[in-house]
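A.B. asks: For reference, the structure I am asking about is given below.
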Amino acid sequence: MQTRKEKYKTVAYYPGCALEGTAQPYNTSTKAIAKELDLELQEIENWNCCGAMEVKNIDPEIQTYLSSRVLSLAKNETKQDVVMAPCNGCYHNLKKAEYDIENKQKSRDVVEKISKKADHPAYEAGEVETIHALDWIKFGYGEEELRAKIKGGLKGLKVANYYGCMYTRPRHIFPEKDQGGDSESTSKPHYMDDLLEIAGAVNVDFAMKTACCGGAHTLSDSDMSTKLVLNILQAAEAAGAEVIATECPTCHSGLEMHQIRALKRLSKQTNVKVIYFTQLLGMAMGLSPRKVGLHENVSDSMKFIREKGIA
Amino acid sequence: MAIHEKSLIRPENIRTHDNLVIDGVDVSGHWSTFIESRVVTDYNEALEEEISALPGGEYIHRCWQCGSCTNSCTVNAVNPDFNPRYWIYLIRMGMEDELLRDKEIIWQCVSCNKCTYSCPRDVAPEGVMKATAHWLELKGHTEPSNSTIFDTEFTRQVVETGKIEDGRILQNFLKNSGQPLVQDWLIQMVKQMLRNLPFKFLFHLGWATLFKPKTKNWDKARAAIEEHIAEEKAEQRVALGLSKQEGS
Ligand code: SF4
Ligand code: SF4
Ligand code: SF4
Ligand code: SF4
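Those sequence lines, one after another, are chains R and V. Residues in the first sequence are numbered from 1 upward in steps of one, following my numbering. Residues in the second sequence are numbered from 1 upward in steps of one, following my numbering.
The following block contains the structure:
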């Protein structure tokens with residue numbers, strides 16, 4: 001049997017729309033880490049959007065098809081059996097497509113019908129494994145190996161790890177989670193905590209790890225999102241966090257955007273910084289803040305990171 | 001989580017008589033406050049079936065009213081009137097009029113799936129919320145919500161090009177939902193984005209407008225997707241007893 005370390009060494013990479021748009025720093029830092037750790041990312045050529053939540057609301061089977069096309073490309077064009085997605089939305093949707101294609105006749109029928117008309121092989125359940133950037137680093141590189149890579153480290157930075165909704169819910173699309181041993185927990189996820197602890201962070205006890213930021217209505221019901229985000233920011237500060245570490249472009253931009261909106265509309269100021277976990281890891285390994293795109297974040301943490309002596 | 005008590009006695013059902021004598025006893029005014037007895041006759045017996053016919057509503061029949069969904073609900077914590085368990089009850093009982101009282105807030109479900117996570121009966125209440133919001137719009141009880149306007153714009157772009165571009169989505173959404181593009185917090189955000197990289201940022205914006213991100217050879221997929229969506233829509237309308245085409 002191939003170990004996960006062997007299996008994840010080279011993966012098909014699915015950045016998704018967000019990482020090519022507003023979440024470029026997540027893309028930059030993910031690629032910088034790959035280079036530093038000698039892991040190979042083969043970007044899927046000519047990918048399409050996974051459909052996000054929006055297409056699901058219009059037509060769930062179309063969202064399944066969109067995600068299945070990405071899986072089919074990973075298998076048949078990139079020729080990989082693992083696809084890595086750093087975006088929770090993409091990761092969630094590929095997992096959901098996998099589940100639906102395996103378990104629902106209608107999903108299979110629609111995927112087959114449209115794939116045929118679109119001239120590409122229909123994806124079949126089990127052809128590729130979808131993993132998140134967290135799995136990729138934790139198992140593809142290894143925790144002990146990562147420890148040896150830390151230069152300077154995070155110097156006791158107090159971090160609240162925020163995973164959002166789509167990394168763990170609904171449970172049935174993540175059959176590998178909650179299996180004991182080193183599997184991820186859906187009620188108290190810890191993979192990001194594990195990696196950042198190795199990098200020298202002090203993880204605070206944070207009850208809102210999987211709370212929802214209202215991302216689905218970030219623009220269509222902004223007041224609701226602002227309230228939900230404010231709860232998360234305030235809880236992180238109350239827990240003593242200086243930074244909220246994120247592992248999803250939508251969660252990340254939601255926190256950044258509504259932190260500003262809470263100040264403008266509700267006069268509620270919060271000072272906790274919002275930083276991608278890949279940026280934190282990269283800096284802990286000695287990469288410069290610019291190399292991990294820290295200057296491209298909306299939430300300004302350049303000065304803060306310097307003051308902390310992290311860069 | 002506190003239990004939310006809601007008065008079931010609505011002001012319009014309370015009757016007070018100024019002059020009332022019962023069995024020779026004067027019970028006028030304050031003493032004669034009665035609750036109008038209520039007989040519900042206008043059940044929509046097809047309601048549960050109609051919701052089940054829409055995507056997400058398939059498993060509503062499994063609900064045993066435990067309340068875990070409402071108890072875990074993100075939106076309920078902000079607005080106690082947002083109550084998935086109660087709406088599922090009304091739908092299953094066919095109490096359409098009662099459901100319609102909450103028609104303006106049902107679309108606010110943020111799809112966090114906490115309900116689906118905690119439901120012991122695999123009802124997938126998140127799906128039921130979507131199906132119900134969808135039903136309200138198809139039946140003409142509500143205008144398309146901001147959420148629907150957003151989903152429609154997003155889906156339009158994905159179906160057209162295979163990809164989305166966030167700047168364009170934002171602009172078109174604000175336009176379609178009748179909101180101004182110039183909002184204080186948006187300006188502040190753009191300012192913060194411009195802080196360190198004005199050139200690169202403007203370049204990216206311009207680039208995305210000139211060369212919309214696109215998946216190559218997408219035309220066949222696009223046609224097949226459009227065809228499928230049209231078929232599904234027609235089927236749903238028929239299941240709800242509406243004409244196949246909108247507006248005909
Ligand atoms: S979830 Fe978001 S980032 Fe991922 S492909 Fe879909 S739209 Fe793009
Ligand atoms: S963006 Fe918000 S709503 Fe979406 S998964 Fe992340 S936490 Fe949940
Ligand atoms: S959690 Fe499930 S079974 Fe319980 S009330 Fe909600 S939908 Fe019904
Ligand atoms: S998915 Fe919707 S109904 Fe379910 S808990 Fe979240 S907000 Fe409430």
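Just so you know, even glycine gets a beta-carbon here, dropped at the ideal spot from N, CA and C.
1. Between L170 (chain V) and K268 (chain R), what straight-line distance do the alpha-carbon atoms span, to the nearest angstrom?
2. Mind checking which residues open and close the beta strand (DSSP E) that includes V82 (chain R)?
3. With a 10 Å radius around its C-beta and 16 neighbouring C-beta atoms as the bar for buried, classify S111 (chain V) as buried or exposed.
4. Which residues bound the alpha helix (DSSP H) around F304 (chain R)?
5. So if I threshold CB-CB distances at 7 Å, which residues from the region 206-225 of chain R count as touching chain V?
6. What separation, rounded to the nearest whole angstrom, lies between the Cα atoms of P198 (chain V) and E296 (chain R)?
7. On the three-state DSSP scale, how would you describe L54 (chain V)?
8. For a contact defined as C-beta to C-beta under 7 Å, what are the partners of S28 (chain V) on chain R?
9. Alpha carbon to alpha carbon, how far is A133 (chain V) from C251 (chain R)?
10. Using a Cβ-Cβ distance cut-off of 9 Å, determine whether W135 (chain V) contacts chain R.
11. Counting C-beta neighbours from all protein chains within 10 Å, is the total for I3 (chain V) 16 or more, i.e. buried, or is it exposed?
12. In whole angstroms, what is the alpha-carbon distance linking E61 (chain R) and A125 (chain R)?
13. Let me know the secondary structure DSSP gives N271 (chain R) once reduced to three states.
14. Under the rule that 16 or more other beta-carbon atoms within 10 Å means buried, what is L287 (chain R), buried or exposed?
15. Just verifying my parser: in three-state terms, what is the DSSP assignment at N44 (chain V)?
16. Quick one: which unbroken beta strand (DSSP E) runs of 3-plus residues sit fully inside the region 218-273 of chain R? Chain order, please.
17. So is R306 (chain R) buried or exposed if we call it buried at 16+ other beta carbons inside 10 Å?
18. Short check: CB of A235 (chain R) to CB of A201 (chain R), under 9 Å?
19. Rounded to a whole number of angstroms, what is the C-alpha to C-alpha distance between M224 (chain R) and H217 (chain R)?
20. Please name the residue in V:R222, V:K233, V:W135, V:N44 whose C-alpha comes closest to that of D119 (chain R).
21. According to DSSP, is D336 (chain R) part of a helix, a strand, or is it coil?
22. Against chain R, which members of the region 55-89 of chain V pass a CB distance test of less than 9 Å?
23. Given a threshold of 16 other Cβ atoms within 10 Å of its Cβ, counted over all protein chains shown, does Y43 (chain V) qualify as buried or as exposed?
24. Interface residues of chain V around A118 (chain R) at Cβ under 7 Å?
25. Where DSSP assigns a beta bridge to E40 (chain R), which residues make up the other side?
26. Counting along the chain, where does the beta strand (DSSP E) carrying K158 (chain R) start and finish?
27. Taking only beta-carbon atoms, is N46 (chain R) less than 9 Å away from chain V?
28. Let me confirm a value: F34 (chain V) is counted as buried when at least 16 other C-beta atoms fall within 10 Å, else exposed. Which label applies?
29. Pull up the distance between the alpha-carbon of L138 (chain V) and that of E165 (chain V), whole angstroms please.
30. So the beta strand (DSSP E) E129 (chain R) belongs to, where does it begin and stop?
31. May I ask which residues mark the beginning and end of the alpha helix (DSSP H) holding T278 (chain R)?
32. Is the CB of D300 (chain R) under 9 Å away from at least one CB in chain V?
33. Is L228 (chain R) close to chain V, meaning its C-beta is less than 9 Å from at least one C-beta of that chain?
34. For a contact meaning CB atoms closer than 8 Å, what does M189 (chain V) contact in chain C?
35. For V25 (chain V), write down the residues that DSSP places opposite it in a beta bridge.
36. Measuring straight from C-alpha to C-alpha, what distance separates D193 (chain R) and L263 (chain R)?
C.D. replies: A quick look at the data gives this:
1. Their Cα atoms are separated by approximately 25 Å.
2. First-last of the beta strand (DSSP E) with V82 (chain R): 82-85.
3. buried
4. 302-307
5. C212, G214, A216, H217, L219, S220, D221, M224
6. Summary for P198 (chain V): the model assigns pLDDT 49, below 50, so the residue's position carries little reliability; its value from the coordinates is reported in the next sentence. One C-alpha to the other measures close to 10 Å.
7. coil
8. Chain R residues near S28 (chain V): none, gap ~47 Å exceeds 7 Å.
9. 24 Å
10. no
11. Legend: pLDDT at I3 (chain V) = 47, less than 50; position of this residue unreliable, value from coordinates given subsequently. Exposed is the call here.
12. For E61 (chain R) and A125 (chain R), the gap between their C-alpha atoms comes out near 15 Å.
13. coil
14. buried
15. coil
16. 243-246
17. exposed
18. Taking 9 Å as the Cβ cut-off, A235 (chain R) and A201 (chain R) do not qualify as a contacting pair.
19. 8 Å
20. Of V:R222, V:K233, V:W135, V:N44, the residue nearest in Cα terms is V:R222.
21. Limits of chain R in this structure are 1 at one end and 311 at the other, which puts residue 336 (chain R) out of reach.
22. P55, G56, T74, V75, A77, V78, N79
23. Exposed: under 16 other Cβ atoms inside 10 Å.
24. K220, A221, A224
25. Partner(s): R:T10.
26. 158-162 is the span of the beta strand (DSSP E), which, as asked, contains K158 (chain R).
27. yes
28. Classification of F34 (chain V): exposed, given that the 10 Å Cβ count is below 16.
29. Cα-Cα distance, rounded: 28 Å.
30. 129-132
31. 277-284
32. yes
33. yes
34. In the structure shown, chain C does not exist; the protein chains are R and V.
35. V:I22
36. Each residue's alpha carbon lies about 29 Å from the other.
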